Structure formats: structure tokens, C-alpha cells
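Protein chains: 2
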Amino acid sequence: MHRLYELAVERSYNTGDIILREEQSADYVFSIRRGYAAMVRLTSDGKRQILAFLFPGDFVGFTSEDNYHYGVSAIAPVNACRFGRAELEALVEKYPVMDRKLRFTLTRAMDASYELLFSLGRKDSLQKVASFIWYVSYRHKKLAQPSNPIHLPMRRSDIADFMGLTIETVSRAFTVLKGMDVIRLRGAYEVEIVDMDRLRSIGVVVAEPAPYERNDPDYYPHKAD
Amino acid sequence: MHRLYELAVERSYNTGDIILREEQSADYVFSIRRGYAAMVRLTSDGKRQILAFLFPGDFVGFTSEDNYHYGVSAIAPVNACRFGRAELEALVEKYPVMDRKLRFTLTRAMDASYELLFSLGRKDSLQKVASFIWYVSYRHKKLAQPSNPIHLPMRRSDIADFMGLTIETVSRAFTVLKGMDVIRLRGAYEVEIVDMDRLRSIGVVVAEPAPYERNDPDYYPHKAD
DNA sequence: CTGCAATCTTGATATACATCAATGGCCGAA
DNA sequence: TTCGGCCATTGATGTATATCAAGATTGCAG
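In order, the protein sequences belong to chains E and W. For what it's worth, the numbering used here labels the leading residue of the first sequence as -14, then goes sequentially. For what it's worth, the numbering used here labels the leading residue of the second sequence as -14, then goes sequentially.
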């Protein structure tokens, strides 16, 4: 594993700096060491979608195409390690364990991506914002950072572009959550979660036990054949 | 590679059958051999989001959690191979090439997922439906299936639940595209793409060459802390 | 062929969110 | 400390899409 970091180049970025540019040849993979970044995609008419927020420990830059189909920029000062794709693949060839590690990393990114897909497609604005706050708290906890009075490393416009909303709608959702005594704000970036259970119940709207009315459940449970 | 299929169990499913159930223990991985399926997530209030359509050759069932966080059901008669996760991992351990193959498969799924994320967050209904038709045509082409007069294997409600719309809105978008002479319909499931370029230009709204005009050093004014 | 049921289309209305427009609060510079 | 600019918040209005409600096709069963 430390072999990996021998071929890394460490780099620093300030807030707003571009780490990786859309349509650039996909020659590098980055791992975020400190700070926060966002994977960004832009439309021809000036709209923006954030595909993922990157927290310390996250990797970015894997793609099946020749070029990146997204940009990455720092939303707070970032330290990142840059790996050449070719060198990385060579190393992986030598140490097959790496491959499993990378695969697991990708699988986690997939799960996060499906979670967001679900939010974007089928949650209303309040549910989106509630699940977003819950998500940031969760990620901070995983990193052993303060997870209750949390610091949001991103601005309202970033939240909006992540959740498919506008800044105004995000702001109003914060106001509603405050009014419900679910959260409290100390400045726009410090969120105290007063009622974690209620926050979760607003934002995490997955279905209960038996979700598939339509179908004949002949096949479940799949016995070993 | 054929070693892989030695530990597969082949199974058939009819339209509407459940291949894999949400919250089930994630013990299997499936590869679709024939037919079409959908990864589905449901909300507590009865809404549905399709996370991905599965075409022949696609894999499903990898997750970083202990349980699946989505269901999979057949939207047309399906033949699928089922692999035990444990056996698969054991095989991978023995033949490291497999790992790279799986990783690449996952990377492609990621790219597709980001594409959908973008559509859900920032496209209007016409753009969503146009890009959807384009996507199905593209997938058929990759499978060496007819890609111009295309057969849609899914119903309007599936398209709606994939694109975060309602069936009515999807239907209206089809009508608009017909009116623009971009597509022609022969029954609800047969789509002739009359003007592929226009279809693409409506649905694929990625930004042009220099996408980051706004992102001078000053774009995120919340400067270095 | 005929009839029925499912699903798609079309129309009318409601509504959540976007857009437009101030106002207000925080933070860094001087 | 005060000032000025950048964001966030709040308010008023507009609009795209959801919802509610009929019809119109399609395709299957008999």
C-alpha cells in the first residue's frame, strides 16, 4: 500500500481551483488527503450539476472513457495525491490486492451515486435537504470529525447544484427545518442537529419490508439449487 | 473466463418477476444473458425510482453493504446467470485478471450512473426523454441490435420512473418530439429516429469546449481560509 | 373477428419549485 | 472599529410538471 504513495505527486489547491478539467484526457487519478472538492458537470445553457462531493480519503478520476466527463474543483483548500493512470495500472498488475481495494472503493462510490439518484428523482425539496444534512453528518462521523454540530464545507449554491434545486429553495428548506426544531443554525455553515431521528425520517424515505405488491413471489427466497 | 460460468446457475424470469429483493442479504451477483431488467428503489409513500436498466451483458448485485439497497425485476423475459458472491471472490483471488475485468465493468456502470444523475438534476422533461431515446438506441447499437427503428423494452411508467417524471409527462414529450419530426412512432414501443442529430442536440446538453469561464480564481470567493 | 383490459394519449387544473427582486447578515480589508 | 461586497434569506410572481380525469389505442383471449 505504501508502494502506492511512492508514485504519487502531492499537490495543493485553493478554494475554487480546478483539480481536473472536463474533456481532459483521463491520465490521472487523485486521492483527496485534506479538504473538500466536488465533481462537476455543466450544461450548455449554464446550469451546473455536482455529481459527488469528495471528502478526505475519496478517490476521483476513474472512468471507462478516454476523457473525463466531469470536472473536479476544490470547494475548500485541498491537498491531494495525483497518480498516473498508467503507473497505477502497472502497480496493480504487480500487487493484485490493490485491485480488490480499488474495486471496493468503486463499489462504495456506486452505492453513494445510487443514493443520490434516488434523491434527485423522487424526493421533494425538504426531503432532499434533510437527507443532505444527514449525509454530511454521516460522512463527518465516518472520518471521526464532529458529526453533530457540523460544519458544512460547501455553500448553498453547491448544495443546490448537488440536489437539483436552486439556492433559494435550499435556503427555504433550511428555514423550514429550523421552524420544525429539527436543526439550529449558527451562521450559514454551522448546523446543529437538534432531532437526528426526525431529520432522518424526513430525508431517508426508503420503503418498508414488503415493497413489491405487483409481483408473484414464486422465486423468493431463492433456495440454493 | 469460462471458469466463471462453471459456477453460475442459469435462471429464467418472466416479465414482472423479482430477480433480487431490496434488503435481502447481498449473497449473489447476476449477469443478464437475455432480456431486460431494472434496478428499482421504492419510497415509503409509494413512489419508485429506477436506478438503471439492465441490458444483456450487464452485471448487477455488487454492493459495499451487507444487504442490497435496491431490488431488481425483469421488465421483459430474462435469462440470467447467478453467481455466489463468496465463490466469485474466491475465483477472483485465483485469477487476478478477473478483478480488472470486474473493476472495468463497475467503472462503466459508474459513468452511466453519473450520466443519469446529470439528467435527473438539470434536464427538463423534453431533454430527459430525448436523451433517454438516444441512450436506448446507443445501447442497442453496442449490442449489435437494430438501433434505428428501435424497440423500447420498457413501458412509459418505467421511463417515467427512470427519468424522475410521470407517465403523462413522458407521453407528452414523445408527442412533442413527434411534432418536431425528430421521431416517429409505430405503436408505443417502436420508435423511428428521423433526425438523430437533432435528437442528440436536444438531449445531450453538455457544455462546450471551455466550460469553466465562470471559474476564474474568483469563482469561489470564499477564499483560502 | 369481437370484446375487454391494460396502457398510452390528451385535456384541464393544481402546485412545488424556479425566477425575479429586495433585504439582511456575515466577514475580511482598511 | 467601520465599510463594502458576497452570500444567504425572504417575499412576490411565473412556469414546468404533477395530478386528476376522460378518451383512444393496442393487443390479447376467446
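We treat Cβ as the ideally placed atom computed from N, Cα and C, and that holds for glycine. Treat the numbers as computed from the prediction; the structure is a model and nothing was measured.
Check, Outcome
"Alpha-carbon spacing of W:His125 relative to E:Glu153, whole angstroms", "41 angstroms"
"Per-residue burial, W:Thr92 [other beta carbons within 10 Å of its own, 16 or more giving buried]", "buried"
"Rounded separation between W:Met165 and E:Arg26 - CA only", "28 angstroms"
"DSSP state of W:Ser49 mapped onto helix, strand, coil", "coil"
"Straight-line gap, W:Gly188 to W:Ile178 (C-alpha atoms, nearest Å)", "13 angstroms"
"8 angstroms Cβ cutoff met for W:Thr0 and W:Pro62", "yes"
"Residues of its chain near W:Val(-6), where Cβ-Cβ distance is below 6 angstroms and the 5 sequence neighbours each way are ignored", "Arg67"
"Chain W contacts from the stretch 33 to 51 of chain E (Cβ-Cβ distance under 9 angstroms)", "Arg33, Gln34, Ile35, Leu36, Ala37, Phe47, Thr48, Ser49 and Glu50"
"Pair within 8 angstroms by beta-carbon distance, E:Ala65 and E:Tyr(-10)", "no"
"Closer than 9 angstroms at the beta carbon, the chain W residues around E:Phe68", "In chain order: nothing, as chain W lies at least about 15 angstroms away."
"Element boundaries [beta strand (DSSP E), containing W:Gly69]", "Val63 to Gly69"
"For E:Ile135, the nearest candidate out of E:Ala97, E:Ile168 and E:Tyr99 (CA to CA)", "E:Ile168"
"W:His54 - DSSP class collapsed to helix/strand/coil", "coil"
"Beta-carbon neighbours of E:Ser10, restricted to chain W and to distances below 9 angstroms", "Here the premise fails: no neighbours, minimum Cβ distance about 14 angstroms."
"DSSP-derived helix/strand/coil call for W:Tyr174", "coil"
"Cβ shell of E:His(-13) (< 6 angstroms), same chain only, five flanking positions each side left out", "none"
"Assigned exposure category for E:Ala129 - 16 Cβ within 10 Å defines buried", "exposed"
"Cβ of W:Ser142 within 8 angstroms of any chain E Cβ", "no"
"Three-pair Cβ contact test at 8 angstroms for the stretch 87 to 105 of chain E versus the stretch 100 to 115 of chain W", "yes"
"Chain E contacts from the stretch -10 to 7 of chain W (Cβ-Cβ distance under 7 angstroms)", "Val(-6), Gly1, Asp2, Ile3, Arg6 and Glu7"
"Helix, strand or coil at E:Ser98 according to DSSP, with G and I counted as helix", "helix"
"Chain E contacts from the stretch 80 to 103 of chain W (Cβ-Cβ distance under 8 angstroms)", "Pro81, Asp84, Arg85, Leu87, Arg88, Phe89, Leu91, Thr92, Arg93, Ala94, Met95, Asp96, Ser98, Tyr99, Glu100, Leu101, Leu102 and Phe103"
"W:Tyr55 at chain E interface by Cβ criterion, 8 angstroms", "yes"
"E:Arg19 burial status per 10 Å Cβ neighbour count (16 or more: buried)", "exposed"
"Local conformation of E:Lys108 per DSSP, three classes", "coil"
"Cutoff 8 angstroms: E:Ser116 Cβ touching any chain W Cβ", "no"
"Contact with chain E by W:Ala158, beta-carbon distance below 8 angstroms", "no"
"Opposing strand residues paired with W:Ser10 [DSSP bridges]", "W:Asn52"
"Beta bridge counterpart(s) of E:Pro134 as assigned by DSSP", "E:Glu177"
"Listed by chain order, chain E residues near W:Ser29 by CB distance under 8 angstroms", "Val190, Val191, Ala192 and Glu193"
"For W:Tyr(-2), the three-state DSSP class (helix, strand or coil)", "strand"
"Local Cβ density within 10 Å of E:Glu219, reported as buried at 16 or more and exposed below that", "Since the first and last residues shown for chain E are -14 and 210, residue 219 of chain E lies out of range."
"Bridge partners - E:Thr28, DSSP secondary structure assignment", "W:Val191"
"Own chain, CB closer than 6 angstroms to E:Glu8, minus 5 neighbours either side, in chain order", "Asn52"
"Proximity winner among E:Leu162, E:Glu50 and E:Ser16, relative to E:Phe44 (alpha-carbon distances)", "E:Ser16"
"Neighbour list for E:Gly149 in chain W, Cβ cutoff strictly below 8 angstroms", "Leu105, Gly106 and Arg107"
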